[in-house]
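Residue numbers (numbering that gives the first Met the number 0): 0 to 364.
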Amino acid sequence: MFDISFVRKSLSLRQHVLDGKPVDNLFTKLEDLRSENPRVYQIETTNACNMTCVMCPRTEHMDRDIGHMDMTTFKTIIDQMSGFSQDELILWDKYIEDHGLKNSMASEEDYFYHFICSQSITLHGFGEPLMDKKIVDRVRYCTQSGIRTYFSANPVNARLSVMDQLGQAGLSYLKFHLDGLDNETQKFYRGRIDRSYEETQQRIIKILELFKSKGYKTRLVLAKLKFNQRDELDQKFLDFWKKHDVFAYIKNQHNRWLYEEEDSVKNSAEYMHRYCEHPWTSMSILQNGDVVPCPLEYNGENVMGNVHNNSIKEIWNGQKYRTFRKMHIKGNFPRDHFCVSQCDIPILNEKLQSEPDRKFQETGA
């Protein structure tokens, strides 16, 4: 979930930056546009995982303690959150129709971001949600609180009994990644597979049939990361899943600072033609309660506060966050700071220093 009102209201200011026009008092203008009430993008309910994905920094770089968020902490966070009003969603739909997706180069991925991530709390971080024994209880609590839920999981960990409970609890969206179309490739990318790729496919189909037979509203999403230029494999993936009632799409690869193939393709997602807005639109919360400003922050190096010590509103409006936002404008990050050394998304200062983004202007993204 992120602040859709900020994104909508800051369009003119953002366009000025991307057009290369000078903007006076940029920090103050951005502060005036952001809400004092934070939106939580994701809650990492666990950072335990039984996969060894090549593109995930958790596999070799994360050195945080492994654990699960206790239920009291989780409820405390959810109790400080709220969904969007119907009027806000109507304005957001109009904004996306006019400015967001119609000319996007990666419209399906961008659709997922603008209409699912924007309005749902993401219940994963750098862990496998299905290894969290309380994940069903967490989804149920969010549903009872009027908050949509989404998480991405590995299909080899999916069991029908748990899927049944998640559907009954009101899970809004469930995503599975299938990055290889055979055993060898899937194991290379993810480190763990079923006895056969076909077995994984059939498990997903059985989950889909279960949701349909029980009348659950959980929407199943299938994604394949685009590591290289082998478009025929992408099309094969899409052709298979278009026969089923799922939302299947090809997703641009993250964490290219960590892993990138020789024949990789340029990231075509809409966000690459803007700049990172997380400092003004959302926070993420790690399993120990640490608040970090970015859902890609895997090691907890940029901690803005902890929910055990302060409310999320106090953290969001605190001095650490103000300093962090100024860094994005001024570009004065400490050496080897996560935002400039371990993130692919452009920062605001880079756009202030660069030529106007013609691609953004041409697409109206």
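A virtual CB, placed ideally from N, CA and C, is assigned to each residue, including glycine.
If I follow the unbroken alpha helix (DSSP H) through M70, where does it start and stop? Following the DSSP letters along the chain, one finds M70 inside the alpha helix (DSSP H) bounded by residues M70 to I77.
If the criterion is Cβ atoms closer than 7 Å, does the pair K223 and D178 meet it? Yes; because the gap between Cβ atoms is below 7 Å, this pair is in contact.
Validate contact between the stretch 285-292 and the stretch 302-316 using beta carbons, cut 8 Å, 3 pairs: As far as the Cβ criterion goes, the stretch 285-292 touches the stretch 302-316, which means the pair count is three or higher.
Ignore the nearest five residues each way along the sequence and tell me which others in M365's own chain have a CB closer than 7 Å to its CB. No answer is possible for residue 365: the residues shown for the chain start at 0 and end at 364.
Alpha-carbon to alpha-carbon, Y149 and G299: The straight-line gap from Cα to Cα measures roughly 22 Å.
Whether or not the stretch 122-129 and the stretch 249-266 are in contact is what I'm after, with contact meaning three or more pairs of Cβ atoms, one per stretch, closer than 8 Å; do they touch? Fewer than three Cβ pairs drawn from the stretch 249-266 and the stretch 122-129 lie within less than 8 Å of each other, which leaves the two stretches out of contact.
Going by Cα to Cα distance, which pick from N182, V155, K350 and D181 is closest to K174? Among N182, V155, K350 and D181, the Cα nearest to that of K174 belongs to V155.
State the beta-bridge partners of Y248 as determined by DSSP. According to DSSP, which records beta bridges pairwise, Y248 is partnered with A222.
Smallest Cα separation from L219: which of M50, L170 and R273? Check the Cα spacing between L219 and each of M50, L170 and R273: the tightest is with L170.
Is M282 helix, strand or coil when you go by DSSP? In this structure, M282 counts as strand in the three-state DSSP scheme.
Residues near K213 in its chain [Cβ-Cβ closer than 8 Å; skip 5 each side]: Excluding positions up to five away in sequence, the list reads D163, G166 and Q167.
Classification of F1 by the beta-carbon crowding that lies within 10 angstroms, buried from 16 upward: Looking at its Cβ environment, which holds 16 or more other Cβ atoms inside 10 Å, F1 is buried.
Should the stretch 318-330 be regarded as contacting the stretch 236-245, the criterion being three or more beta carbon pairs within less than 8 Å? No: the two stretches stay apart, fewer than three of their Cβ pairs being nearer than 8 Å.
My guess is that S34 and F73 are in contact by the Cβ rule of under 8 Å, so how many angstroms apart are they, rounded? 23 Å between Cβ atoms; not a contact.
Taking a contact to mean a Cβ-Cβ separation below 7 Å, would you say Y258 touches E108 in this structure? In this structure, Y258 lies away from E108, with their beta-carbon atoms at least 7 Å apart.
Report the rounded CA-to-CA distance for P278 versus K8, giving the unit in angstroms. About 15 Å.
Pick helix, strand or coil for F83, following the three-state DSSP scheme. In the three-state reduction of the DSSP assignment, F83 falls in the coil class.
At what residues does the alpha helix (DSSP H) containing F175 begin and finish? For F175, there is no enclosing alpha helix (DSSP H); the residue is part of the beta strand (DSSP E) that begins and ends at Y172 to H176.
What's the C-alpha gap between K28 and V22? So the alpha carbons of these two residues sit roughly 9 Å apart.
Secondary structure at T51, three-state DSSP: helix, strand or coil? Three-state result, T51: coil.
contact_flag[the stretch 64-80, the stretch 184-200] where n(CB pairs < 8 Å) is 3 or more: Below 8 Å, too few C-beta pairs join the stretch 64-80 and the stretch 184-200 to call them touching: fewer than three.
Reduced DSSP category for G452 - H, G, I as helix; E, B as strand; rest coil: The question about residue 452 has no answer here: the residues shown for the chain are numbered 0 through 364.
M61 and Y297 closer than 7 Å at C-beta: Yes, they are a contact pair.
Comparing C-alpha positions only, which one of M70, T280, R202 and L221 sits nearest to H176? Its Cα nearest to that of H176, the residue L221 stands out among M70, T280, R202 and L221.
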